[in-house]
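Visitor:
2 protein chains.
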Amino acid sequence: MNSCDACVVRNRSICAALDSVEVEALNAIGRRRTLEPGESLIWEDSESVLVANVVEGVLKLSTGTEDGREQIVGVVYPSDFIGRPFGATTPHSVTAMTEAKVCVFSRTDFDGFASRHPALEHKLLQRTLTELDRTRRWMLLLGRKNAEERVATFLLDMSERLVDPGCDTPDQPLDRFDLPFSRQQVGDILGLTIETVSRQFTKLKRDGIVDLPSRRAVVIRDRAELKALAG
Amino acid sequence: MNSCDACVVRNRSICAALDSVEVEALNAIGRRRTLEPGESLIWEDSESVLVANVVEGVLKLSTGTEDGREQIVGVVYPSDFIGRPFGATTPHSVTAMTEAKVCVFSRTDFDGFASRHPALEHKLLQRTLTELDRTRRWMLLLGRKNAEERVATFLLDMSERLVDPGCDTPDQPLDRFDLPFSRQQVGDILGLTIETVSRQFTKLKRDGIVDLPSRRAVVIRDRAELKALAG
DNA sequence: CGCTAACTTGAGAATGTTCAATAGACGTGG
DNA sequence: CCACGTCTATTGAACATTCTCAAGTTAGCG
Numbered sequence: 001m002n003s004c005d006a007c008v009v010r011n012r013s014i015c016a017a018l019d020s021v022e023v024e025a026l027n028a029i030g031r032r033r034t035l036e037p038g039e040s041l042i043w044e045d046s047e048s049v050l051v052a053n054v055v056e057g058v059l060k061l062s063t064g065t066e067d068g069r070e071q072i073v074g075v076v077y078p079s080d081f082i083g084r085p086f087g088a089t090t091p092h093s094v095t096a097m098t099e100a101k102v103c104v105f106s107r108t109d110f111d112g113f114a115s116r117h118p119a120l121e122h123k124l125l126q127r128t129l130t131e132l133d134r135t136r137r138w139m140l141l142l143g144r145k146n147a148e149e150r151v152a153t154f155l156l157d158m159s160e161r162l163v164d165p166g167c168d169t170p171d172q173p174l175d176r177f178d179l180p181f182s183r184q185q186v187g188d189i190l191g192l193t194i195e196t197v198s199r200q201f202t203k204l205k206r207d208g209i210v211d212l213p214s215r216r217a218v219v220i221r222d223r224a225e226l227k228a229l230a231g
Numbered sequence: 001m002n003s004c005d006a007c008v009v010r011n012r013s014i015c016a017a018l019d020s021v022e023v024e025a026l027n028a029i030g031r032r033r034t035l036e037p038g039e040s041l042i043w044e045d046s047e048s049v050l051v052a053n054v055v056e057g058v059l060k061l062s063t064g065t066e067d068g069r070e071q072i073v074g075v076v077y078p079s080d081f082i083g084r085p086f087g088a089t090t091p092h093s094v095t096a097m098t099e100a101k102v103c104v105f106s107r108t109d110f111d112g113f114a115s116r117h118p119a120l121e122h123k124l125l126q127r128t129l130t131e132l133d134r135t136r137r138w139m140l141l142l143g144r145k146n147a148e149e150r151v152a153t154f155l156l157d158m159s160e161r162l163v164d165p166g167c168d169t170p171d172q173p174l175d176r177f178d179l180p181f182s183r184q185q186v187g188d189i190l191g192l193t194i195e196t197v198s199r200q201f202t203k204l205k206r207d208g209i210v211d212l213p214s215r216r217a218v219v220i221r222d223r224a225e226l227k228a229l230a231g
């Protein structure tokens, strides 16, 4: 038995395109790695040497300006693919937000394997197209939404994406969850300062739309209203 | 002889993955179409029925909020691919900015053809990965840059992307070009109002960094300074 | 129980938006 | 070829929102 058989994301990651013999072959060129919160796997503008599947945890993709402003350009969850195959450099950093487990491959090894397995490339293409759609939707938020709309949209998005991946029930949005982000990171996702984020959180709580029992915990009390505020 | 042999983007579009027999087969399921400026090919949130290659012209990809704010989420040029293969809906509109020629396919026909031609899917994957990188880089602009930086970044980006595609010389950025966009559209790309864009253009002109001989024409007079302003 | 880092709150400043008026470019028809 | 009308862009002034800087406050951890 190979270790992939027990993998929690075996059937949701791009590996789902492979049969058990193929997945064994892929397993042979990869290795598991655990990341601590704050630890980076890939650095902005570095040579693209690694790609990986997320097995557990949440990671951010980020870029910044020379003078230190940061923008989070993506957040990845279990079963998501990270890194830049078929390309020289990775244009953003990849950093663990929580403790995370990833299944790492040398980029060139992976490129070769993928080229020999069209079904895998097909999965990767689908995933990349979906991610591009999601990223473009986020551009509307960054370009045209105000602080209140941004925070409301963010909370709704989180409630949909943090659903337990192993869960068999149809993916229903959560009304109660823990953010994997600090206020600063929420700001970096939304293109706002930490103070503006904090003020909007306070306002939503004051208006009874959400409850914030602890720093990271969120309870959505009036989803309909939150949707209305999201624009 | 099939019409693709004479196609100006034959060797730069995803069709470059195909030999002459295959390209003939693809040609059989596609058709040429001309779009007038302002004409849309695909509408936001519509069922994904069409995909296409851009042969000539410039098109925008855009989304908007219910109350009419628009954000341009991408701009495509000759040889670029448009539409959403392998998916139910297209999350953004596609509209011609200039007169444009496109090579259109039924989405389902294309999906089938692509599935039978891994080399084509591979090209499409590479293209999608590159587009995702570009889109994420634009998020830094929308989330963290001020008006001056946005306009400077935009002009540099345009000077690099508007190079004549047929040109054999190594792609050098243009110091003189015509914008395919109105001021309003530049605003919609940069997440700014038309007035703010106009003021920044005027400022760059006053400072001697660019010259604006007509509404659409741009001359970059001090590229180094423009880069410094881009942040 | 106290320390520290993270978060909240407040006040003022900066940046960009809005609304309104003007100027200029471009196409059309005389 | 010029006059006109319309659409686009520019400019100005007041306003709104978000940012910045600074001072508290609180949660979580040793």
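Residue numbers (UniProt numbering), protein chains in the order written: chain A, 1 to 231; chain B, 1 to 231.
We treat Cβ as the ideally placed atom computed from N, Cα and C, and that holds for glycine.
Only a predicted model underlies this, so the values are computations on that prediction, with no experimental measurement involved.
Counting along the chain, where does the beta strand (DSSP E) carrying VAL104/A start and finish?
Guide: Taken as a continuous stretch (DSSP letters only), the beta strand (DSSP E) holding VAL104/A covers 100-106.
Visitor: Can you pull the chain B neighbours of GLN126/A, defined as C-beta to C-beta under 7 angstroms?
Guide: Here the neighbours are PHE86.
Visitor: I need the straight-line Cα distance from VAL54/B to ARG116/A, nearest angstrom please.
Guide: Answer to the nearest angstrom: the Cα atoms are 29 angstroms apart.
Visitor: Closest Cβ-Cβ distance between GLY74/A and chain B: below 8 angstroms?
Guide: So yes, GLY74/A belongs to the interface.
Visitor: Quick check: LEU59/A and ALA100/A, are their CB atoms within less than 8 angstroms of each other?
Guide: In this structure, ALA100/A lies closer than 8 angstroms to LEU59/A by Cβ.
Visitor: Could you check how far apart the C-beta atoms of PRO91/B and ARG144/A are, in whole angstroms? I think they sit under 8 angstroms.
Guide: Not quite, the Cβ-Cβ distance comes to about 15 angstroms (not below 8 angstroms), so this is no contact.
Visitor: With a cut-off of 8 angstroms on the beta carbons, I'd call ARG84/A and SER48/A a contact; round off their distance for me.
Guide: Sure, about 4 angstroms apart at Cβ, within 8 angstroms.
Visitor: For the segment 142-172 of chain A, which residues have a CB atom closer than 9 angstroms to at least one CB atom of chain B, in sequence order?
Guide: Listed by position, the residues of the segment 142-172 of chain A near chain B (Cβ gap below 9 angstroms) are LEU142, GLY143, ARG144, LYS145 and GLU149.
Visitor: Please classify ASN108/B: is it buried, with 16 or more other beta-carbons within 10 angstroms of its beta-carbon, or exposed?
Guide: The sequence given here has Thr at residue 108/B, not Asn. Exposed, by the Cβ-count rule.
Visitor: Check the Cβ-Cβ distances between THR135/B and every residue of chain A, and say whether any is below 8 angstroms.
Guide: Interface residue, yes.
Visitor: Using C-beta distances below 6 angstroms, list every residue in its chain close to VAL75/A, excluding the 5 sequence neighbours before and after it, in chain order.
Guide: LYS60.
Visitor: Leaving out five residues on either side along the sequence, give the residues of the same chain with a beta carbon under 7 angstroms from the beta carbon of GLU148/A.
Guide: If we look at GLU148/A and ignore the five residues flanking it on each side, its Cβ neighbours are GLN200 and LEU229.
Visitor: Can you name the start and end residues of the beta strand (DSSP E) that THR95/B belongs to?
Guide: From DSSP, the beta strand (DSSP E) with THR95/B extends over 93-96.
Visitor: Given a cut-off of 8 angstroms on the beta-carbon distance, is the pair ALA17/A and ALA114/A in contact?
Guide: No, they are not a contact pair.
Visitor: Give every residue of the same chain whose Cβ lies closer than 6 angstroms to the Cβ of ASP80/A, excluding the five residues on either side of it in the sequence, and list them in chain order.
Guide: Counting only Cβ-Cβ distances below 6 angstroms, and skipping sequence neighbours, we find VAL54.
Visitor: For the segment 30-54 of chain A, list every residue whose C-beta sits within 7 angstroms of some C-beta in chain B, in sequence order.
Guide: Those would be none; no residue qualifies.
Visitor: For ALA180/B, count neighbouring Cβ atoms within 10 angstroms of its own Cβ and tell me buried if that reaches 16, exposed if not.
Guide: Correcting the residue identity first, residue 180/B is Pro in this sequence and not Ala. Buried: at least 16 other Cβ atoms inside 10 Å.
Visitor: Going by Cα to Cα distance, which pick from LYS123/B, VAL8/B, LEU212/B and GLU160/B is closest to ILE14/B?
Guide: Per the Cα distances, LYS123/B.
Visitor: On a Cα-Cα basis, can you pick out the residue from GLN184/A, THR193/A, ASP171/A and GLU22/A that is closest to ARG216/A?
Guide: It is GLN184/A whose Cα lies nearest to the Cα of ARG216/A.
Visitor: By Cβ distance below 6 angstroms, which residues in the same chain neighbour VAL151/B in space, the five residues on each side in sequence not counted?
Guide: Cβ within range, chain order: GLN200.
Visitor: Determine the chain A residues that contact GLN71/B at a beta-carbon separation under 7 angstroms, and present them in chain order.
Guide: Result: MET139, LEU140, GLY143 and ARG144.
Visitor: Under 8 angstroms, Cβ to Cβ, is there at least one residue of chain B near GLY231/A?
Guide: Interface residue, yes.
Visitor: Output needed for ILE46/A: all residues of its chain with C-beta closer than 7 angstroms, excluding positions within five of it in sequence on either side, in chain order.
Guide: Just to set this straight, residue 46/A is Ser in the shown sequence, not Ile. Cβ neighbours of SER46/A beyond the five flanking positions: THR89 and THR90.
Visitor: To which residues of the same chain is GLU70/B closer than 6 angstroms at the C-beta, ignoring the five residues directly before and after it?
Guide: For GLU70/B, where only same-chain residues beyond five positions count, the Cβ hits under 6 angstroms are SER62, GLY64 and ASP188.
Visitor: In chain A, which residues lie with their C-beta within 8 angstroms of the C-beta of GLU131/B?
Guide: Result: LEU132.
Visitor: Provide the residue span of the beta strand (DSSP E) that contains VAL9/B, from first to last.
Guide: Per DSSP, VAL9/B belongs to no beta strand (DSSP E) and is neither H nor E.
Visitor: Tell me where the alpha helix (DSSP H) around LYS145/B begins and ends.
Guide: Taken as a continuous stretch (DSSP letters only), LYS145/B belongs to no alpha helix (DSSP H), as it is neither H nor E.
Visitor: Please classify ALA6/A as buried or exposed, where buried requires at least 16 neighbouring CB atoms within 10 angstroms.
Guide: Exposed: under 16 other Cβ atoms inside 10 Å.
Visitor: Based on Cα-Cα distance, which residue from ASP207/A, GLU160/A and ILE220/A lies nearest to ASN176/A?
Guide: Looking at the sequence provided, one finds Arg at residue 176/A rather than Asn. Selected option, being the one with the closest Cα: ILE220/A.
Visitor: For my contact list, SER40/A and THR95/A are in at a C-beta cut-off of 8 angstroms; report their separation, rounded to the angstrom.
Guide: Rounded, the Cβ-Cβ distance is 4 angstroms, consistent with contact.
Visitor: Identify each residue in the segment 82-107 of chain A for which the Cβ-Cβ distance to at least one residue of chain B is less than 8 angstroms, and report them in chain order.
Guide: Here the close residues are ARG84, PRO85, PHE86, GLY87, PRO91 and HIS92.
Visitor: Let me see if you follow: with CB-CB separation under 8 angstroms, is PRO118/B close to chain A or not?
Guide: For PRO118/B, the answer is yes, since a Cβ of chain A falls inside 8 angstroms of its Cβ.
Visitor: With 16 other CB atoms within 10 Å as the buried threshold, where does GLY112/A fall?
Guide: Answer is exposed; the Cβ neighbour count stays below 16.
Visitor: If you count every other CB in all the chains shown that lies within 10 Å of the CB of GLU36/B, and 16 or more means buried, which is it?
Guide: The residue in question, GLU36/B, is exposed, as its Cβ has fewer than 16 Cβ neighbours within 10 Å.
Visitor: Taking GLU121/B as the query, report the chain A residues whose CB atoms sit under 9 angstroms from its CB, ordered along the chain.
Guide: Result: PRO118, GLU121, HIS122 and LEU125.
Visitor: Hey, how far is the Cα of LYS205/B from the Cα of GLU195/B?
Guide: Cα to Cα, the separation comes out at about 15 angstroms.
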